[in-house]
Amino acid sequence: MTSNKIIGIDLGTTTSCVAVLDDKNTPKTLVAADGERTTPSWVAWTAAGQVTVGTRARRQAVTNPSATVYGAKRLIGRKVNAEDVAWFARLAPFRIVAAPNGDAWVRVHGLPISPQEIAAHVLRRMRQVAEEAIGEPVTRAVVTVPAYFDDAQRQATRDAGQIAGLDIIRILNEPTAAALAYGVHRHAEGRRLIAVFDLGGGTFDISIMSVDNGIFEVLATGGDTALGGEDWDRRLQERIVDEVFDAHRIDLTGIPMAMSRLREACEAAKKTLSVENETVIQLPFLANDQHGAPINYEKPITRAIVEQLTQDLIDRLEAPCSRALADAGLADVEEVLLVGGMTRWPAVQATVERIFKMKPSKGANPDEVVALGAAAYAGILAGDTDDAALLDVTPHDLGIKVGDSGFSVVIPRNSMLPVRARKLFATTAADQKFVSIDVYQGESDTLGKNRKLGQVVLDDLPAGPAGSIRVELVMTVDVESLLSVTARELKSGREASVTIRPSGGLSQREVVEIINRRRQESSVAGKLPEGDGNIVRVATREQPVIKPDDEG
Ligand code: AMP
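Residue numbers (our numbering): 1 to 552.
See below:
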């Protein structure tokens, strides 16, 4: 029997988490059989092509660096030449390559693999954790993404779900999920302005939101994609590497097993030091010294020392917050929510308090709140809870090209879904034969800075002087963010329409191919994408199929 439960998944850059509503309709984190509440978003391949996911993949990373992939979320739906992708490619010990369409893929054991496939491995693991905990097969999920993810990144995430055999019934913004988990929408007093401060393992995201009557609106986002808890671990690790070198003239960085143990010990020490003032790092038989004798590292470390080593990291938290507040046109917010495991670190909390001039709200487990919010949202969608209706909005302005390079907005950003808008146009030349309407998404007045989504061409227009032939444009976006554009010549009723499904870089055919390939468990090389698969259907009809029900 398949469960009718919809799970909520926080598909994170460094760790992922899955939650579901329990019998009392309270969101609960689902714990893996090994007791882990979160799963590292790491995927590794053995030389024989066998895949491991999670903690096991992370553990063997130092001995198998070129075939262990992490941070796939930094690549999904992205072009390889994007600035932060290029930064990540320089840093990552595995190869990041360009697919023929310019998308960022990875190459493992000589085979190109899309980030969608890598994310699918993580999603499949989260699904497995859920199925084992619930005791029933699960097929539907709400998956969260950062608020700044564009359509391509969102669609690529959906495609990853499909590859993993999960129907992603809704993509939810991470700060919205956090706000839901914190119950911000249950405040009675109308519009509430909040900040969601999310410091995870690899990234820092700040979102300024307004919550009003169940409508969650992201007003501004910011952050630092190169700042996270792992930077704290690395600082401590570097210090110990230096200490060992000074004492024994041995460079641990050249000894993968030692580095792996050191990394885990440093992260564990950091976690302890977020509640204690002092701990001891013990690493017996870490390496051999120059005489072949074992190096048994054992030293106390204080929170104060780690704070000293990481002060510059703390200093990097402020500017993105101030910028996001300014972008939202605000000086203050009414509440700050802490999200991400690294917000347990006392100096981080103190900094948040200083920046926002208030004590932040803390959940019990900041690394689980996004998944809990996704599960709460899944409950709303399933009708299990009568919680405030949560309404989705369009993340960007939608409009069309006018003149040579102008952009005319038809549906403004933050319009509630579903939304329908109508605009009337007139021909600009006598006996104009056709109109071509280019649909764009973005916030810039400069057309080139926005993203082209598709085109509708309406031909065989009746003859007539310039301005006498009128074309009505209707744009609709449904609750699944599917955009339809219809152009209709008013006199004849002749019509052309296009449905634009955002593309994540893989065509539907390619997604199905990956699924089949996985089914056959063949080890044949992955096929690289050809087109961008953006336009799904273009149709012209002689008769109008919609009647205008609003004034244009
Ligand atoms: P997330 O991506 O939200 O799971 O955050 C993971 C990051 O939070 C990692 O860098 C963890 O080391 C860090 N983290 C988790 N628990 C703690 C803790 N108790 N104290 C300090 N950092 C923590």
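The beta carbon of each residue, even a glycine, is placed where N, CA and C say it ideally should be. Predicted model, so just to flag it, every value in this text is computed and none were measured.
Would you report the Cα separation of T139 and V479, rounded to the nearest angstrom?
Taking the sequence shown and counting its residues from 1, the one referred to as residue 139 is at position 139. Taking the sequence shown and counting its residues from 1, the one referred to as residue 479 is at position 479. Near 20 Å, if we compare the C-alpha coordinates of V479 and T139.
Alpha carbon to alpha carbon, how far is I255 from H248? Give it in angstroms, no decimals.
Within the sequence shown, numbered from 1, the residue matching residue 248 stands at position 248. Within the sequence shown, numbered from 1, the residue matching residue 255 stands at position 255. For H248 and I255, the distance between alpha carbons rounds to 14 Å.
Quick check on T139: does DSSP put it in helix, strand or coil?
Within the sequence shown, the letter at position 139 stands for residue 139. In this structure, T139 counts as coil in the three-state DSSP scheme.
Apart from the five residues just before and just after L11, which ones in its own chain have a Cβ nearer than 6 Å to its Cβ?
Sequence index remark: in the sequence shown, residue 11 carries index 11 (1-based). Counting only Cβ-Cβ distances below 6 Å, and skipping sequence neighbours, we find V143.
Do V471 and L458 have their C-beta atoms within less than 9 Å of each other?
The count along the sequence shown starts at 1 and reaches residue 471 at position 471. The count along the sequence shown starts at 1 and reaches residue 458 at position 458. Against a cut-off of 9 Å, the Cβ pair of L458 and V471 comes out as a contact.
Just grab the DSSP bridge partners of F407 for me.
Position 407 of the sequence shown, counted from the start, is the residue given in the question as residue 407. K401.
Residues bridged to R107 by DSSP?
The residue labelled residue 107 in the question sits at position 107 within the sequence shown. Answer by DSSP bridge pairing, in chain order: R95, P112.
Pairing CB atoms from the segment 420-433 with CB atoms from the segment 367-384, are three or more of them under 8 Å?
In short, these stretches do not touch, since the Cβ pair count stays below three.
The ligand AMP and R344: does the residue's C-beta get closer than 8 Å to at least one heavy atom of that ligand?
Here residue 344 refers to the residue found at position 344 when the sequence shown is read from its first residue. Because some heavy atom of the ligand AMP lies under 8 Å away, the Cβ of R344 counts as near it: yes.
Please look up how many angstroms separate the CB atoms of P27 and A376, rounded, as I've assumed it's under 8 Å.
Position 27 of the sequence shown holds residue 27. Position 376 of the sequence shown holds residue 376. The Cβ separation is near 5 Å, so the contact holds.
Does the beta carbon of F149 come closer than 9 Å to any beta carbon on chain D?
Checking the listed chains, one finds no chain D in this structure; it contains a single protein chain.
Which residue marks the beginning of the beta strand (DSSP E) containing F425, and which one marks its end?
Residue numbering aside, residue 425 sits at position 425 when the sequence shown is read from its first letter. Segment 419-426, the beta strand (DSSP E) holding F425.
When burial is assigned at 16 or more other CB atoms within 10 Å of the CB, is A371 buried or exposed?
Here the question's residue 371 lines up with position 371 in the sequence shown. A371 is buried by the Cβ-count criterion.
Once you ignore the five residues that flank A195 on each side, which residues in its own chain have a CB closer than 8 Å to its CB?
In the sequence shown, the residue the question calls residue 195 occupies position 195. If we look at A195 and ignore the five residues flanking it on each side, its Cβ neighbours are I206, S207, I208, M209, C321, A324, L325, V333, E335, V336, L337, F356.
Quick one: Cα of E495 to Cα of W105, how far?
One-based indexing of the sequence shown puts residue 495 at position 495. One-based indexing of the sequence shown puts residue 105 at position 105. The alpha-carbon atoms of E495 and W105 are separated by roughly 40 Å.
Confirm the yes/no value for this check: CB of P146, any heavy atom of the ligand AMP, distance under 8 Å.
Working through the sequence shown from its first residue, we reach residue 146 at position 146. No, the beta carbon of P146 sits no closer than 8 Å to any heavy atom of the ligand AMP.
Any idea what DSSP makes of S436, helix, strand or coil?
For the purposes of this step, residue 436 is taken as residue 436 along the sequence shown, with counting starting at 1. Strand, per DSSP.
Check whether the Cβ of K5 sits closer than 8 Å to any heavy atom of the ligand AMP, and report yes or no.
What you label residue 5 is simply residue 5 of the sequence shown in a count that begins at 1. No - the ligand AMP has no heavy atom lying nearer than 8 Å to the Cβ of K5.
Just mark F216 as buried or exposed, buried being the case when its beta carbon has 16 or more other beta carbons within 10 Å.
Here residue 216 refers to the residue found at position 216 of the sequence shown. So F216 ends up on the buried side.
Drop a sphere of 10 angstroms on the beta-carbon of R519, count the other beta-carbons inside from all chains shown, and report buried for 16 or more, exposed for fewer.
Here the question's residue 519 lines up with position 519 in the sequence shown. It counts as exposed.
State the start and end residues of the unbroken beta strand (DSSP E) segment that holds L219.
Here the question's residue 219 lines up with position 219 in the sequence shown. Here the beta strand (DSSP E) through L219 covers 215-224.
With a threshold of 8 Å (Cβ to nearest heavy atom), would T302 be considered close to the ligand AMP?
By 1-based counting over the sequence shown, the position of residue 302 is 302. Every heavy atom of the ligand AMP is 8 Å or more from the Cβ of T302, so no.
One question on the structure: do D231 and R263 come within less than 9 Å of each other, judged by their Cβ atoms?
Taking the sequence shown and counting its residues from 1, one reaches residue 231 at position 231. Taking the sequence shown and counting its residues from 1, one reaches residue 263 at position 263. No, Cβ-Cβ distance for D231 and R263 is not below 9 Å.
Taking L330 as the reference, give the member of A156, R58, V218, I6 with the closest Cα.
One-based indexing of the sequence shown puts residue 330 at position 330. The residue with the shortest Cα to Cα distance from L330 is V218.
Kindly examine the ligand AMP and report whether one of its heavy atoms sits closer than 8 Å to the Cβ of V573.
This structure gives no information on residue 573, because the portion of the chain shown stretches from 1 to 552.
Considering Cα atoms alone, identify which of S114, A92, G110, H109 is closest to G102.
Stepping through the sequence shown from its first residue, residue 102 is reached at position 102. Taking only the C-alpha atoms, the option nearest G102 is S114.
Which residue from K401, S405, A120, Q128 puts its Cα closest to that of Q162?
Stepping through the sequence shown from its first residue, residue 162 is reached at position 162. Nearest option by C-alpha distance: A120.
Can you pull the DSSP bridge partners for V51?
One-based indexing of the sequence shown puts residue 51 at position 51. BP columns for V51 point to W45.
Regarding V275 and the ligand AMP, is the C-beta to nearest heavy atom distance less than 8 Å?
In the sequence shown, counting from the first residue as 1, residue 275 sits at position 275. Yes, Cβ of V275 sits closer than 8 Å to a heavy atom of the ligand AMP.
Measure the CB-CB distance between I118 and V43 and report whether it falls below 9 Å.
Looking up residue 118 in the sequence shown gives position 118. Looking up residue 43 in the sequence shown gives position 43. Yes, the Cβ-Cβ distance between I118 and V43 is below 9 Å.
Quick check: is any heavy atom of the ligand AMP less than 8 Å from the C-beta of G202?
For the purposes of this step, residue 202 is taken as the residue at position 202 of the sequence shown. Yes; taking the cut-off as 8 Å, the Cβ of G202 has a heavy atom of the ligand AMP nearer than that.
Per DSSP, what are the beta-bridge partners of F285 in this structure?
Here residue 285 corresponds to residue number 285 of the sequence shown, with the count starting at 1. DSSP, once it has assigned bridges, lists no residue as partnering F285.
At a cut-off of 8 Å, is W232 close to the ligand AMP when judged by its beta-carbon and the heavy atoms of the ligand?
In the sequence shown, counting from the first residue as 1, residue 232 sits at position 232. At least one heavy atom of the ligand AMP is nearer than 8 Å to the Cβ of W232, so yes.
If I measure Cβ to Cβ from I6 and keep anything under 7 Å in the same chain, skipping five residues before and after, which residues do I get?
The residue you call residue 6 lines up with position 6 of the sequence shown. Excluding residues within five positions, the ones whose Cβ falls inside 7 Å are R140, A141, V142, I169, A378, L381, A382.
Tell me the DSSP secondary structure of I469 in three-state form.
Along the sequence shown, one-based indexing puts residue 469 at 469. Coil, per DSSP.
State the start and end residues of the unbroken alpha helix (DSSP H) segment that holds E495.
As a first step, residue 495 must be located in the sequence shown, where it is residue number 495. No alpha helix (DSSP H) holds E495; the beta strand (DSSP E) holding it covers 495-500.
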